[in-house]
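Some notes on the structure that comes next.
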Amino acid sequence: MRREKSREMKPIKFLGIVCSPRIEGNTARLVESVLDGAKEKGAETRIFLCGSLRINPCRACNKCETVGRCAQEDDMQQIYDSIPGTDVIVFGTPIYHDHVSAQAKAVTDRLYAYEWKDAFPRGMKAVVIITYEWDNPNGYDNVLDWIKATFKRYYGVETFATLKACNTTKVPVAQRSDLIREAKEVGGNLASELKRNLGR
Numbered sequence: 002m003r004r005e006k007s008r009e010m011k012p013i014k015f016l017g018i019v020c021s022p023r024i025e026g027n028t029a030r031l032v033e034s035v036l037d038g039a040k041e042k043g044a045e046t047r048i049f050l051c052g053s054l055r056i057n058p059c060r061a062c063n064k065c066e067t068v069g070r071c072a073q074e075d076d077m078q079q080i081y082d083s084i085p086g087t088d089v090i091v092f093g094t095p096i097y098h099d100h101v102s103a104q105a106k107a108v109t110d111r112l113y114a115y116e117w118k119d120a121f122p123r124g125m126k127a128v129v130i131i132t133y134e135w136d137n138p139n140g141y142d143n144v145l146d147w148i149k150a151t152f153k154r155y156y157g158v159e160t161f162a163t164l165k166a167c168n169t170t171k172v173p174v175a176q177r178s179d180l181i182r183e184a185k186e187v188g189g190n191l192a193s194e195l196k197r198n199l200g201r
């Protein structure tokens, strides 16, 4: 009786991008919680803390159109290198002046390079996270919609879930066990769903 060779299963891969200047702040805590939930379900995770990286703004040089990659040799190259093979992006940003942070805008602008090569994985999912000081839990839906539309329109990435943390000055995420639990559940549920759907 011939025995079939066992095939090594590729793990589901989650990539966290924390677009906050604070590497241990509210946004980082929520992104990490999503990744923790995914890891508990067997996913492989990696996180980038933009507050500790050098990511320049887009220069509009358009070299990515001709050479197929961004010409700037900064830490954004680490994010570029991590995207192929990734199944989920967990994208978190604080709200500054009613919109995304400077770090988040730099990252989304620099992803423009991916419009010129077929490197963004098909079927990738996103979890989008925003944190802010305003005490309105229904605030900034327009910002969430902008992030979701950017991922969908330019890169074909569907958003699986969104998370918000409001009133963070008075009640930091570290004190919100309910929100941390929800974030872990989002990560775990998405990892489990992808494992089923992708046969991993």
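Under this note's numbering, think of the first position of the sequence shown as 2, with each following residue one higher. The C-beta atom is built at its ideal place from N, Cα and C for all residues, glycine as well.
Using the rule of at least 16 other Cβ atoms within 10 Å of the residue's Cβ for burial, across every protein chain shown, is Ser-178 buried or exposed? On the sequence shown, residue 178 is found 177 positions in, with the first residue counted as 1. Classification for Ser-178: exposed.
Beta carbon of Gly-188 nearer than 8 Å to that of Cys-167: Start at 1 with the first residue of the sequence shown, and residue 188 comes out as number 187. Start at 1 with the first residue of the sequence shown, and residue 167 comes out as number 166. No.
If you drop the 5 nearest sequence neighbours on each side, which residues of the same chain put their C-beta closer than 8 Å to that of Lys-6? As a first step, residue 6 is located in the sequence shown; it is residue number 5 there, counting from the start. Because Lys-6 carries a pLDDT of 40, less than 50, the predicted location of this residue cannot be relied on, and the following value inherits that uncertainty. Within the same chain, Lys-6 has no close Cβ partners at all.
Would Ser-83 pass as a contact of Cys-51 if the rule is Cβ separation under 8 Å? Here residue 83 is taken as the residue at index 82 of the sequence shown, counted from 1. Here residue 51 is taken as the residue at index 50 of the sequence shown, counted from 1. No, the pair does not count as a contact, with Cβ atoms beyond the cut-off.
Taking the CB atoms as reference points, tell me whether Leu-54 and Asp-88 lie closer together than 8 Å. Numbered from its first residue, the sequence shown carries residue 54 at position 53. Numbered from its first residue, the sequence shown carries residue 88 at position 87. Not in contact: Leu-54 and Asp-88 (Cβ atoms no closer than 8 Å).
How many angstroms separate the CA atom of Leu-191 from the CA atom of Phe-161? The residue you call residue 191 lines up with position 190 of the sequence shown. The residue you call residue 161 lines up with position 160 of the sequence shown. Distance between the alpha carbons of Leu-191 and Phe-161 is about 8 Å.
Please tell me whether Val-128 and Val-158 are closer than 8 Å, where the distance is taken between their beta carbons. Position 127 of the sequence shown, counting from 1, holds the residue named residue 128. Position 157 of the sequence shown, counting from 1, holds the residue named residue 158. Contact flag unset, no.
Validate contact between the region 101-111 and the region 53-72 using beta carbons, cut 8 Å, 3 pairs: yes
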